[in-house]
Amino acid sequence: MSRASRQRSNDDWRARGASIETRQLIGLRLAARQLRLAQQHRHYARQSGSHIAPFKGRGLSFQQLRAYQGGDEIRHIDWRVTARTTQPHTRLFEEERERPVVLCVDQRQSMAFGSRQCFKSVLACHTAALLAWNALEHNDRVGGFVFSDRQHAESRPRRSQRAVLHFLQQLTDFNQQALTSAGDEPPQALSAVFEELRRITRPGSAVFILSDFHDMDEAAERQLALLVRHNDVLAVEISDPMEAKLPLRGHLALSDGRQRLAVDIDGKLQQRYQQDYQRRQEALHSTLRKLGIVRLSLQTSDDVQAILGRELRLQ
396 MSRASRQRSN DDWRARGASI ETRQLIGLRL AARQLRLAQQ HRHYARQSGS
446 HIAPFKGRGL SFQQLRAYQG GDEIRHIDWR VTARTTQPHT RLFEEERERP
496 VVLCVDQRQS MAFGSRQCFK SVLACHTAAL LAWNALEHND RVGGFVFSDR
546 QHAESRPRRS QRAVLHFLQQ LTDFNQQALT SAGDEPPQAL SAVFEELRRI
596 TRPGSAVFIL SDFHDMDEAA ERQLALLVRH NDVLAVEISD PMEAKLPLRG
646 HLALSDGRQR LAVDIDGKLQ QRYQQDYQRR QEALHSTLRK LGIVRLSLQT
696 SDDVQAILGR ELRLQ
């Protein structure tokens, strides 16, 4: 494929708009396949680099027992069998090739915002779909946990196309509900979400949390710490450029689809806004570092496929 063709394909697969449709998420399977090929090429061509390696690995499972051979690791000698047979025997292990992958996706009202090519909620669904198809390509079991302001939907990890399609439909349903279900009651907190997520997650899983983490607090940190004890967790932080920096001085009109708000921006407001944002970001990043959680940042203006291919070693 030519460079121009690859660029057109990447543009076709970019997240766009205020809502998502299931057919768009299904169409990302081809993008995930190309992502896998790119990862395999780098795996053999370059064993180390600047990309993120978020997970500890799949572990080892016992495969067979055989007579000791030169070069075998001493620590793998089975001393009981050696004593019984008077001949050294070695335990052979094989890397486990599958593990549950759980995709936790935030579709609360705070995610229904965007100033560039898409809403944060759309970017989260788009990224989750790529990760789901990628996991299935690697023969992993894929499960989901999608949550809104009021409810959540879970799907147990399964190794099948049908399971992924069910998860993609859940993403679509929650994404479209977020545009019409604004209410006065406070949304469910991350701490409650993480507690429920921990309940359904099997130890040893790879857990991706896709959220803006805007309400990360001590209660959420405690639940996340319990989740990290027995699972590999990666935080995919979804944001929009306007959340970090307001436009230059002038008149700014904001809307949630029902109400409109006009704000006059001056230098002092812009400075306070940026300082508040920076404090929240530093607190979040400090918490994730303390818990040993790798963070991947995505903005609504990003090419997600390119970033996942460059930053994550998913195989």
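Heads up, the sequence shown is in this note's numbering, so the first residue is 396 and it goes up one at a time.
Ideal Cβ positions, reconstructed from N, Cα and C, are used throughout, including at glycine.
Small disclaimer: the values here were computed from a predicted structure and weren't measured.
Residue nearest to L560 in terms of C-alpha spacing, selected from A524, L647, N570, V628 = A check of alpha carbon separations from L560 across A524, L647, N570, V628 identifies A524 as the nearest.
query = If you compare alpha carbons, which of C499, W528, E677 is closest to L619?
reply = The shortest Cα separation from L619 among C499, W528, E677 belongs to C499.
Secondary structure of H438, DSSP reduced to three states = Residue placement at H438 is flagged as unreliable, the pLDDT there being 42, under the threshold of 50; the coordinate-derived value follows with that caveat. Three-state result, H438: helix.
key: N- and C-terminal bounds of the beta strand (DSSP E) containing D568   = Not the beta strand (DSSP E): D568 falls in the alpha helix (DSSP H), residues 556–572.
request  = Counting only the same chain and skipping the five closest in sequence on each side, list residues whose C-beta sits under 8 Å from that of E468.
outcome  = Within the same chain, E468 has close Cβ partners T485.
ask   = Between the region 604–614 and the region 625–632, do at least 3 Cβ pairs fall closer than 8 Å?
value = Short answer: they touch.
request  = Could you tell me if Q546 is buried or exposed, where buried requires 16 or more neighbouring beta carbons within 10 angstroms of its beta carbon?
outcome  = Classification for Q546: exposed.
task = Can you give me the Cβ contacts of F569 inside the same chain, cut-off strictly under 6 Å, excluding the 5 residues immediately before and after it?
result = Non-local C-beta neighbours of F569 in its own chain, meaning closer than 6 Å and more than five positions away in sequence, comprise Q502, V541, S543, ordered along the chain.
ask   = So, G412 versus T695, is the Cβ gap smaller than 8 Å?
value = For G412 and T695, no; Cβs fall outside 8 Å.
key: Start and end residues, beta strand (DSSP E) containing I702   = I702 -> not in any beta strand (DSSP E); alpha helix (DSSP H) instead, spanning 699–706.
request  = Within its chain, find whatever has a CB closer than 7 Å to the CB of D610; leave out the 5 residues flanking it on each side and keep chain order.
outcome  = These residues qualify, in order along the chain: A584, L585.
inquiry  = Please classify R475 as buried or exposed, where buried requires at least 16 neighbouring CB atoms within 10 angstroms.
reply    = Classified as exposed, R475 has fewer than 16 neighbouring CB atoms from the shown chains inside 10 Å of its CB.
inquiry  = Which of the three DSSP states is assigned to Q666 in this structure?
reply    = Assignment of Q666 by DSSP, reduced to helix, strand and coil, places it in the helix class.
query = Do I415 and L566 come within 8 Å of each other at the CB atom, strictly closer than that value?
reply = A contact, by the Cβ cut-off of 8 Å.
task = Figure out for me which residue from I688, C520, Q504, R494 has the closest Cα to the Cα of L574.
result = Scanning I688, C520, Q504, R494 for the CA closest to the CA of L574 turns up Q504.
ask   = Can the beta-carbon of A410 be found closer than 8 Å to that of H533?
value = Not in contact: A410 and H533 (Cβ atoms no closer than 8 Å).
inquiry  = Quick check: what's the CA-CA separation for L656 versus H646?
reply    = Taken atom to atom, the span from the alpha-carbon of L656 to that of H646 is near 11 Å.
ask   = Residues bridged to L647 by DSSP?
value = L647 pairs with V658.
message = Would V537 and V496 be called neighbours here (beta carbons separated by less than 8 Å)?
response = Cβ distance < 8 Å, so V537 and V496 count as in contact.
request  = Would you grab the beta carbon distance between R511 and P636 for me? Rounded to a whole angstrom, and I think it's under 8 Å.
outcome  = Right, the Cβ-Cβ distance comes to about 6 Å (below 8 Å), so this counts as a contact.
key: Residues of its chain near R494, where Cβ-Cβ distance is below 7 Å and the 5 sequence neighbours each way are ignored   = R453, D535, G599, S600, A601, listed in sequence order.
request  = Can you give me the start and stop residues for the beta strand (DSSP E) that L641 sits inside?
outcome  = From DSSP, L641 is part of no beta strand (DSSP E); its letter is neither H nor E.
ask   = Within 10 angstroms of its Cβ, does P552 collect 16 or more other Cβ (buried), or is it exposed?
value = It counts as buried.
ask   = Considering only residues of the same chain and omitting the five flanking positions on each side of Y367, which have a CB-CB separation below 7 Å?
value = For the chain, the structure presents residues 396 to 710; residue 367 sits outside this window and is missing.
inquiry  = Please report the distance separating the alpha-carbon of Q364 from that of I595.
reply    = Because the chain in this structure spans residues 396 to 710, residue 364 falls outside the shown range and cannot be described.
query = Could you give the distance in angstroms between the alpha-carbon of S681 and the alpha-carbon of D612?
reply = Just so you know, the alpha carbons of S681 and D612 end up roughly 12 Å apart.
query = What did DSSP end up calling F589 once you bin it into helix, strand or coil?
reply = Reduced to three states, the DSSP call for F589 is helix.
ask   = Roughly how many angstroms lie between the CA atoms of Q564 and R554, to the nearest whole one?
value = Inter-residue distance for Q564 and R554 is about 17 Å (C-alpha atoms, whole angstroms).
request  = Specify the secondary structure class of T485 as computed by DSSP and reduced to three states.
outcome  = Correct three-state label for T485: strand.
message = Spatial neighbours of R690 within its chain, please: C-beta separation below 7 Å, excluding the five flanking residues on both sides.
response = A630, E632, H680, L683, listed in sequence order.
message = Relative to the C-alpha of R424, which candidate in Y463, A519, R461, A530 has its C-alpha closest?
response = Here the closest residue by C-alpha is A530.
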